[in-house]
Amino acid sequence: MKYYEIKTLSTEDLKNRLKEENEGLENLRFQKSIGQLENFKGIQNTKKLIARISTILKERELSDKKDK
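So for the sequence shown, this note's numbering puts the first residue at 482; every next one is plus one.
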């Protein structure tokens, strides 16, 4: 998911997506530990997506505080 696609989602959708991605990352790490993971790039991509979502949520939080 690209930055501009994430930016169009609502805050609640982003929070839900962040939760899902964290669970997905946990599953990928578990698969890696037991030797079932075939695509190691998936861990890196998931971590980057989590960082993008977190960044957008933080930007929105700061802009909300600034507006008040």
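Where is the CB? At the ideal position from N, CA and C, for every residue including glycine.
For residue j and residue i, the rounded distance between their alpha carbons
i: LYS528; j: THR492; result: 19 angstroms
i: TYR485; j: LYS500; result: 20 angstroms
i: THR489; j: LEU543; result: 17 angstroms
i: ILE487; j: ASN508; result: 22 angstroms
i: ILE515; j: ILE537; result: 33 angstroms
i: ASP494; j: PHE521; result: 27 angstroms
i: ARG510; j: GLU540; result: 28 angstroms
Local conformation of residue i per DSSP, three classes
i: SER535; result: helix
i: ILE515; result: coil
i: ASN508; result: helix
i: LEU530; result: helix
i: LEU490; result: coil
i: LYS549; result: coil
i: LYS483; result: coil
Best match in the options for proximity to residue i [C-alpha to C-alpha]
i: GLN525; options: ASP494, GLY505 and LYS496; result: GLY505
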